[in-house]
């Protein structure tokens, strides 16, 4: 059975979703989804371990060899991403039952879990596959379920946010489709590995250039890179809080993965960064993104909005690391990918607890919450510190590598700007801390209890992971290093 | 001149795309999206064409077939397209119920009032 | 001869299209679409023969069906209030109850 | 025999095409909805029959013939039904077949 | 032919009709480009199902479009840049229709030359779809399933219990309005379904397959629903049964993959299903096409029922609210 792990990784949640339809009781469906997600997590652990010890795993679906059939190709990068996604999904699902019971009407709860599993399977499929068109198919599975999940939010603005996301997401996907089509036209193949071998022959053509541009723009739409980020804040703010926690920690990561995969593995580094002034473009967009989004975050009244803008800023950091495009830079990006998943997972889950108790995430409702929900707010504070990049948290590690990478490249001003960006994070985190600990509660609010254990437990699981990986960096650094090396092994 | 076909497709594609971004009516946006996608399908199918070829179904005495792979891809893409359309329309209906309108600008005004 | 017929049908399609484009009433458009559909059925059958692969008549059958169903759909849903005939519905409900 | 078949089919196709065109002219030139519909539905049935008959004469094997017959039957069923339904709906929704009051024909975009 | 479609798009009030025509035109184009399977699907989906869905939708949302207040210059700029980039990209493309294009030289020849020996199905599109790239198709089925679940999650309403008198009155109303339509459709229905089955199982030899058959079958049921009313249709077709069927289709597809997995082959490798690999392939394709057909039929029905059901529900609400709050949204 071990040989089939790559495909099991994807089809277990994929087949579990329709099975879930037979479980009419939401609690059963939840238990089943949790079980499946945990199983996927175990599979991804084994996969990572296999990849680290014995190199790339190739799995041919349907038994047809690569350029004719579809293949799954697991290298350290995918395995790492699979691990992040399944881990976050499992932790988030732990809290799901309590939160969902309150936020979604009972008859839709089972449907919620089905969509959740489909979304999970879609993301895993995108990451695992080695075929360009298969990426598109699974991209659509995950996005369609994402639209529906977001629209399940209580507020009517959730619907509008979901619609906007649908339009932007579909345009993005269609752009990717155009790009894949043009690539196919020039090379006659859809397999990524095969593409990377055949593209250099035709890389001077304008068609390939256009294909690259379309794929990048399409991915950036999904990625919510700075000027194309408009759908993200509302989608995150009005979705059910569990969904926010899940997507904030995983969805953009998948898009970053695609960006890295297409740039480094498919098109190859030399092409990617010589055809367009991409390095500069990404660097600028990343930096502007960090500043614009952080500044906007400071003025938000809704804490979910605040963190959503902070997510956009964090994406900016990842893009900066990507634009440096050295091993260290890529390592920084991947580390930040991992770390950001941990922090945002913890933060949004904590917000989930807050919503469970007080039903709102307006900043003014946070007043005095530090004493009423001490554990939840402590988690928020630690997550926030991590976001700023204080030593002993994971945020520090990734910022450290990022600055290292930038300085290695001799871009001193950029390093200074990154530090300045972190200062902005201090400001918006401080606003939460201020209202939670230094303001008296709003009058007329009854006694508020601590969030229920079923939410608190996953929150603290993530918080502890935050600190643990901030101190003991061996695992994450080792894996990201291997991933970055393998990417550069393909490139020049 | 060998590319005229692609150019027409691109013009169509851009008309669809224009409808998506410039029009405020949500249903119209979805129609635009459909046109955009259908034009991409045409692009794929055009590249599968071979002069003198016929449909890729085996028959006696025919040796020149069109390329079947883009056909397969587009079959999948059509399905994805209808799925998106259905979901988008479902969302539109809910928006109409919740906001009483399906014009982008009016919805945004109502949202601003909410805030 | 096949080509002549195809050309004729194309011309008619253009005509029907013009009518659908100009209107002026909703029903003119439906009529145009309907005509357009039947002409497409013919066109596809003719094309199949022209290309020497007449197996593709299946598609023509589907066209005919789909065309019918969508015209019915249009008419069925044109009963709704936005095409205004609520008076009649009310009358009939009253009569039957 | 071959010549007979091919001339026959050509003849049918020719008649069909002519009818088609006349129907097209009808839909384009006639003054109001009901006359236009008349033009279309009358010519359409016959034109389709003619063209399909022409093709039937050309058909190489029995399956193709069968399919053509199916198409023909379906058209004969569907086309009048659709026309009937269309006219019915138009009538019920207050579209008067009057020539001198064309302005009445405008469909009102009335949405409460 | 495509040029006609361009003109159509300048129209500001085309809405559904013309988008249906566009679909017809593009599938006509697909026929001339030899993509019969695609034309088949596009006809059934674009001109059929999506037109119907759009129709149902506009009856609920109203059909007037308000003029856009802001200037669409930005949009124009974006579109021009994108289009310009694409045209720039086409300049180095292989000439249209050239048999020497890389597309036709690398992967495709194997499908064309060997699929008959390896898969044993005359329709190359089917063999690529179901066997070589079977996993894509699996993904496609799941996409459809996702859409069904999503629509269900967004629109489902608990149907109200209805009285016999109500059913009768509605039946009477429909009967009076659509007498001829009802009779003709009733006559046609069995043939449509038969034709759907033909398309389903003939997909190996000619254009067609599970997806197209599913759409046609669903179209037949939609036709029935439109003419006989939601309530009658609900009594004929059980809602929860349909949902279960949608899941079963996906599971059927997946379980065939799992069977080959358990037999020591890779996921979706059908050659294990029968003694002879080619026969196994054939059997596998047949079964997964069946799975696709089941899922597509049931999801299309789910989507349509939920759209129409929502419409009914809203009308009901409106009737209850008439008088007290008519204008407030």
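Protein chains in written order, with the working numbering: chain Y, 1 to 492; chain S, 1001 to 1115; chain R, 2001 to 2097; chain X, 3001 to 3112; chain U, 4001 to 4329.
All residues carry an ideal CB built from backbone N, CA and C; glycine is no exception.
Predicted, not measured: the structure shown is a model, and the values here were computed from it.
Handout entry: residue 3963(U) versus 4268(U), 4296(U), 4287(U) and 4207(U), residue with shortest Cα-Cα distance
Key = With chain U covering only 4001 through 4329, there is no way to say anything about residue 3963(U).
Practice task
With 9 Å as the limit, tell me which residues of the stretch 1033-1057 of chain S have their beta carbon closer than that to any beta carbon of chain R; keep them in chain order.
Solution key: Result list: 1054, 1055 and 1057.
Handout entry: Interfacial residues, the stretch 4031-4060 of chain U to chain R, with Cβ spacing under 7 Å
Key = Hits within the stretch, in order: 4031, 4032, 4036, 4039, 4040, 4043, 4044, 4047, 4048, 4051, 4052, 4055, 4056 and 4059.
Exercise for the section: Take every Cβ of the stretch 343-363 of chain Y, pair it with every Cβ of the stretch 405-415 of chain Y, and state whether three or more of those distances are shorter than 8 Å. Expected result: When C-beta atoms of the stretch 343-363 of chain Y are compared with those of the stretch 405-415 of chain Y, fewer than three pairs fall below 8 Å, so the two segments do not count as touching.
Problem - 7 Å Cβ cutoff, residue 3090(X) in contact with chain R - result: Residue 3090(X) belongs to the set of residues whose beta carbon lies under 7 Å from a beta carbon in chain R.
Handout entry: Neighbour-count burial assignment, residue 1105(S), 16 or more Cβ in a 10 Å radius
Key = Classification of residue 1105(S): exposed, given that the 10 Å Cβ count is below 16.
Practice task
With a threshold of 16 other CB atoms inside 10 Å of the CB of residue 1109(S), please say whether the residue is buried or exposed.
Solution key: Residue environment for residue 1109(S): exposed (fewer than 16 other C-beta atoms within 10 angstroms of its C-beta).
Exercise for the section: Rank 339(Y), 121(Y), 116(Y) and 457(Y) by C-alpha distance to the C-alpha of residue 9(Y) and give the top, closest one. Expected result: The option with the nearest alpha carbon to residue 9(Y) is 121(Y).
Exercise for the section: Check the Cβ-Cβ distances between residue 4226(U) and every residue of chain R, and say whether any is below 7 Å. Expected result: Residue-level contact check: residue 4226(U) touches chain R, since one or more beta carbons of chain R fall below 7 Å from its beta carbon.
Handout entry: Nearest to residue 4047(U) (by Cα), restricted to the options 1081(S), 1026(S) and 1056(S)
Key = Out of 1081(S), 1026(S) and 1056(S), 1081(S) has the C-alpha closest to the C-alpha of residue 4047(U).
Exercise for the section: Return no unless some Cβ of chain S is closer than 7 Å to the Cβ of residue 4158(U). Expected result: No - not a single Cβ of chain S is within 7 Å of the one on residue 4158(U).
Exercise for the section: Output the distance between the C-alpha atoms of residue 331(Y) and residue 183(Y), rounded to the nearest integer angstrom. Expected result: Each residue's Cα considered, the two are about 28 Å apart.
Handout entry: Proximity of residue 1027(S) and residue 4075(U) at Cβ, strictly below 7 Å
Key = No, the pair does not count as a contact, with Cβ atoms beyond the cut-off.
Problem - Minimum Cβ-Cβ distance from residue 2040(R) to chain U less than 7 Å - result: Answer yes: the Cβ-Cβ gap between residue 2040(R) and chain U drops below 7 Å somewhere.
Handout entry: Assigned exposure category for residue 4221(U) - 16 Cβ within 10 Å defines buried
Key = Residue 4221(U) comes out buried.
Problem - Among 89(Y), 68(Y) and 61(Y), the one whose alpha carbon lies nearest that of residue 461(Y) - result: Taking only the C-alpha atoms, the option nearest residue 461(Y) is 89(Y).
Exercise for the section: Per DSSP, which residues does residue 4123(U) bridge with? Please list them. Expected result: 1057(S).
Exercise for the section: Could you tell me whether the stretch 210-224 of chain Y touches the stretch 4134-4141 of chain U, where touching means 3 or more Cβ pairs closer than 8 Å? Expected result: Using a C-beta cut-off of 8 Å, the stretch 210-224 of chain Y makes no contact with the stretch 4134-4141 of chain U, since fewer than three inter-stretch Cβ pairs fall below that distance.
Practice task
Use the C-beta contact count for residue 3007(X): other C-beta atoms within 10 angstroms, 16 or more gives buried, fewer gives exposed.
Solution key: Classification for residue 3007(X): exposed.
Problem - Cross-chain neighbours of residue 4125(U) in chain Y, by beta carbon under 7 Å - result: Neighbours of residue 4125(U) on chain Y: none; closest Cβ ~15 Å, over 7 Å.
Exercise for the section: State the Cα-Cα distance for the pair residue 3024(X) and residue 2068(R), rounded to the nearest angstrom. Expected result: Residue 3024(X) and residue 2068(R) have their alpha carbons spaced roughly 20 Å apart.
Problem - Neighbour list for residue 4144(U) in chain S, Cβ cutoff strictly below 7 Å - result: Within chain S, the residues near residue 4144(U) are 1079 and 1083.
Exercise for the section: Take the Cβ of residue 4125(U) as the centre, count every other Cβ of all protein chains shown within 10 Å, and call the residue buried at 16 or more, exposed below. Expected result: Residue 4125(U) should be labelled buried.
Practice task
Per DSSP, which residues does residue 131(Y) bridge with? Please list them.
Solution key: BP columns for residue 131(Y) point to 191(Y).
Problem - Of the residues 3011(X), 3062(X), 3066(X) and 3060(X), the one placed nearest residue 2060(R), counting alpha carbons only - result: Considering only alpha carbons, the answer is 3066(X).
Problem - Residue-chain proximity (residue 4210(U), chain R), Cβ-Cβ < 7 Å - result: Not closer than 7 Å to any Cβ of chain R, the Cβ of residue 4210(U) fails to qualify, so no.
Handout entry: Span separating the alpha-carbon of residue 18(Y) from that of residue 4247(U)
Key = The alpha-carbon atoms of residue 18(Y) and residue 4247(U) are separated by roughly 5 Å.
Exercise for the section: Can you pull the chain X residues whose beta carbon is under 8 Å from the beta carbon of residue 4188(U), in chain order? Expected result: The contacting residues are 3074, 3077 and 3078.
Practice task
Would you kindly work out how many angstroms separate the C-alpha atoms of residue 4186(U) and residue 47(Y), rounded to a whole number?
Solution key: Answer to the nearest angstrom: the Cα atoms are 56 Å apart.
Problem - Exposure label - residue 4020(U); buried when at least 16 CB within 10 Å - result: Looking at its Cβ environment, which holds 16 or more other Cβ atoms inside 10 Å, residue 4020(U) is buried.
Problem - Cutoff 7 Å: residue 1003(S) Cβ touching any chain U Cβ - result: For residue 1003(S), the nearest beta carbon of chain U is closer than 7 Å to its own beta carbon.
Exercise for the section: Please list the partners that residue 1024(S) has in chain Y, where partner means a Cβ-to-Cβ separation under 7 Å. Expected result: Chain Y residues near residue 1024(S): none, gap ~12 Å exceeds 7 Å.
Practice task
Using a cut-off of 7 Å between C-beta atoms, extract the partners of residue 4181(U) located in chain R.
Solution key: In chain order: 2072.
Exercise for the section: For the beta strand (DSSP E) containing residue 72(Y), list its first residue and its last residue. Expected result: 71-74 is the span of the beta strand (DSSP E), which, as asked, contains residue 72(Y).
Exercise for the section: Given a cut-off of 7 Å, decide if residue 169(Y) and residue 4106(U) are closer than it, judged by their beta-carbon atoms. Expected result: Result no, Cβ atoms of residue 4106(U) and residue 169(Y) do not sit closer than 7 Å.
Problem - Backbone secondary structure at residue 371(Y) - three-state DSSP - result: DSSP places residue 371(Y) in helix when its eight states are reduced to three.
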